[in-house]
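Below you'll find the structure, written out as structure tokens, and then a few comments.
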Amino acid sequence: MHQMWADVTKWQETLVHDKSMAAFAKSRALAVVYLSNKLEGTLAKGTSEQETYALLDELWEQPSPLALESPAIVLWHSEGQHSSERSLYQLQQHLLALRHLQGALDQPLSVELVCETHRILMKGALSDETTAPIRAGRFRQHHCCAGKYSFPEAGTISASLSKIIEQFNERFATRKLAPYRLAAWLFVQVITLHPFENGNGRLCRLLASYVFQKCGVPFPVVITSGHSRAYKHYIDAIVAYQTRGQGLDELCLYMLTSLHQSWSIFAATLNHS
């Protein structure tokens with residue numbers, strides 16, 4: 002970890018103002034959306050990577066991210082079951098949610114920002130269990146679990162999320178934690194709370210990228226270890242934290258690896274340009 006952090010620090014100090022950074026930041030934003038949904042298994046069947054990037058690239062060029070939201074809700078399955086334009090709508094909303102967070106980097110994190118980001122992210126989503134619209138941007142109202150782990154009761158979510166965000170803002174203000182540790186901490190706190198009916202994993206990866214950018218990283222960060230079994234690594238670390246109070250070190254390594262990988266990609270593009 003020490004060497005990876007040393008590499009990141011060097012790259013941040015020497016490359017942050019490179020003239021190629023704006024184009025790279027855009028490419029990383031599109032990659033965040035595509036790869037997060039690939040990790041989650043929510044990409045539409047029959048849609049190629051090239052087609053997806055072309056769609057997202059077109060959206061990126063629009064002048065106002067929030068103006069891109071369709072006035073008519075397009076309904077899509079939250080787990081990406083269809084290969085129609087309705088399924089692709091989830092990718093559009095994901096990009097809008099990312100850009101919404103990017104527009105709030107100079108503000109303290111708030112419950113309102115988290116909820117609004119989730120509302121944008123999951124707008125038009127249908128529950129795969131009931132086919133009813135998901136309560137996008139509103140806390141879940143029912144008990145839920147993942148395997149043998151039971152998430153906190155619904156009635157505790159509002160107070161718990163407020164406390165998590167208060168603690169995050171305090172930790173950010175002190176600047177005592179390395180960005181990857183702060184990103185891992187916020188990520189695991191929110192995903193363990195599981196505040197929303199669906200989309201928590203996608204939201205928490207956006208929040209982790211938000212933390213990195215808030216700490217000065219000039220591009221969105223794709224949250225992945227880069228390993229072919231990335232999703233298993235990710236789930237194993239979360240489960241270890243939720244069930245045994247362990248796994249935070251593994252998540253810190255996961256976040257640092259994600260950051261290091263993004264910087265190394267940028268450095269490699271400069272070496273070959």
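For the numbering used here, count along the sequence shown from 1 and bump the result up by 1. We treat Cβ as the ideally placed atom computed from N, Cα and C, and that holds for glycine.
Beta-carbon proximity of residue i to residue j, cut-off 8 Å
{"i": "Leu114", "j": "Ala105", "result": "yes"}
{"i": "Cys216", "j": "Leu183", "result": "yes"}
{"i": "Ala174", "j": "Phe188", "result": "no"}
{"i": "Leu44", "j": "Gln93", "result": "no"}
{"i": "Pro196", "j": "Arg245", "result": "no"}
{"i": "Val9", "j": "His261", "result": "yes"}
{"i": "Pro219", "j": "Val33", "result": "no"}
{"i": "Ala30", "j": "Leu99", "result": "yes"}
{"i": "Thr270", "j": "Ser21", "result": "yes"}
Residue environment, residue i, which counts as buried when at least 16 other CB atoms sit within 10 Å
{"i": "His143", "result": "exposed"}
{"i": "Leu200", "result": "The sequence shown places Gly at residue 200, not Leu. Burial call: buried."}
{"i": "Asn297", "result": "The structure shown does not extend to residue 297, since the chain is modelled only from 2 to 274, so the question has no answer here."}
{"i": "Met123", "result": "buried"}
{"i": "Ile121", "result": "buried"}
{"i": "Val17", "result": "exposed"}
{"i": "Asn38", "result": "buried"}
{"i": "Gly304", "result": "In this structure the chain extends from 2 to 274, so residue 304 is not present and cannot be described."}
{"i": "Thr15", "result": "exposed"}
{"i": "Tyr150", "result": "exposed"}
Candidates the options: closest to residue i by CA position
{"i": "Ser111", "options": "Thr270, Ser159, Val189", "result": "Ser159"}
{"i": "Ser134", "options": "Glu198, Leu178, Ala241", "result": "Residue identity check: residue 134 is Pro in the sequence provided, not Ser. Cα-wise, what sits closest to Pro134 is Glu198."}
{"i": "Thr225", "options": "Glu251, Tyr242, Ser161, Thr244", "result": "Glu251"}
{"i": "His95", "options": "Leu162, Tyr35, Ser128", "result": "Tyr35"}
{"i": "Glu41", "options": "Arg230, Gly156, Asn272", "result": "Arg230"}
{"i": "Phe267", "options": "Leu56, Val223, Leu254, Ser49", "result": "Val223"}
{"i": "Gln91", "options": "Leu204, Pro109, Leu271, Tyr232", "result": "Leu204"}
{"i": "Tyr232", "options": "Tyr211, Gly202, Gln243, Phe213", "result": "Gly202"}
{"i": "Gly138", "options": "Ser151, Thr118, Gly148, Cys145", "result": "Thr118"}
8 Å contact criterion, which residue i and residue j should meet: CB distance rounded
{"i": "Ile239", "j": "Gly248", "result": "7 Å"}
{"i": "Leu207", "j": "Leu102", "result": "6 Å"}
{"i": "Ala185", "j": "Cys116", "result": "So it is not a contact: roughly 22 Å between Cβ atoms."}
{"i": "Trp288", "j": "Trp264", "result": "With the chain represented from 2 up to 274, any question about residue 288 goes unanswered, as that position is not in the structure."}
{"i": "Pro180", "j": "Phe213", "result": "6 Å"}
Residue i - partner residues in DSSP beta bridges
{"i": "Cys146", "result": "Ser151"}
{"i": "Leu252", "result": "Note: Leu252 sits in no beta bridge, so no partner."}
{"i": "Pro134", "result": "Leu127"}
Neighbour flag for residue i against chain C, beta carbons, 8 Å
{"i": "Leu44", "result": "Absent from the structure is chain C; it holds one protein chain and no more."}
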